Amino acid sequence: MRISVLVLRPFNVARTVKSMIKAGAAGLHIEDQVGAKRCGHRPNKAIVSKEEMVDRIRAAVDAKTDPDFVIMARTDALAVEGLDAAIERAQAYVEAGAEMLFPEAITELAMYRQFADAVQVPILANITEFGATPLFTTDELRSAHVAMALYPLSAFRAMNRAAEHVYNVLRQEGTQKSVIDTMQTRNELYESINYYQYEEKLDNLFARSQVK
40 MRISVLVLRP FNVARTVKSM IKAGAAGLHI EDQVGAKRCG HRPNKAIVSK
90 EEMVDRIRAA VDAKTDPDFV IMARTDALAV EGLDAAIERA QAYVEAGAEM
140 LFPEAITELA MYRQFADAVQ VPILANITEF GATPLFTTDE LRSAHVAMAL
190 YPLSAFRAMN RAAEHVYNVL RQEGTQKSVI DTMQTRNELY ESINYYQYEE
240 KLDNLFARSQ VK
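Going by the numbering used here, the final residue of the sequence shown carries number 251, and the count climbs one at a time with no gaps.
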């Protein structure tokens, strides 16, 4: 899951970690951008000092009440300070206790391998469309020692385009008949969310209530 801690004080980081563990989350990532952050693939990003980010990570690690909860460090330093400085930051973040690394806006495949070799923890790649990072294949990422790939907006962008098309058809034709074969059917939707199982439980519950 993708959850970013954008506050500046370690106390808030610690509180967030405890809250996420209580909610059942498996982990979170903490960014080194300033509080008024920008999209990682946009220009003019600003990052906090290495020392401040290290304090955030230490606070997160100290707040862990579940040993399996994963603290991931995200760094946007590549676009701001360059590769060498970004790797230096990554090493400091891992030394502070980060268990995974998310180097944002990577522009070359070999850079992932350089981060992986430098920190010796699992690397996450953010393969978002229309950004700074090329659309590397999973095989390419695997070869560069990437352990996890993130596709945060792929389905969202596809859904938006599909929705635009459907509503344009409705506006022009006054009916959705010509695009009905592009839609998920009612049965397909219900099967995907286990609706029939939920409905059966409700029926059984109501049946028991009526008997009483």
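The beta-carbon is built from N, C-alpha and C at its ideal position, and this holds for glycine as well.
Since the model is a prediction, treat every value here as computed from it, not as a measurement.
Comparing alpha-carbon positions, the option among K240, E70, G121 and L241 lying closest to Y132 turns out to be E70. For P49, the secondary structure class from DSSP, reduced to helix, strand or coil, is helix. When the Cα atoms are used, R210 and F195 turn out to be separated by approximately 22 Å.
Taking C-beta atoms as the reference points, Y151 and H184 count as a pair closer than 8 Å. Three or more beta-carbon pairs separated by less than 8 Å are not found between the segment 173 to 182 and the segment 199 to 218, which leaves the two stretches without contact.
For I60, the closest alpha carbon among the candidates I126, A75 and A99 is that of A99. Around the CB of P142, 16 or more other CB atoms lie within 10 Å, so the residue is classed as buried. Shown here, I145 sits in coil according to DSSP, grouped into three states, outside any helix or strand. Under the DSSP assignment, V87 falls outside any beta strand (DSSP E); it carries neither an H nor an E label. When secondary structure is reduced to three states using DSSP, T176 falls in the coil class, being assigned neither helix nor strand. Closest in alpha carbon position to R77, among F50, V52 and A144, is A144.
Taking 8 Å as the cut-off, the Cβ atoms of V109 and E138 count as close. The DSSP-derived three-state label of T114 is strand.
Secondary structure at N233: coil, using DSSP grouped into helix, strand and coil.
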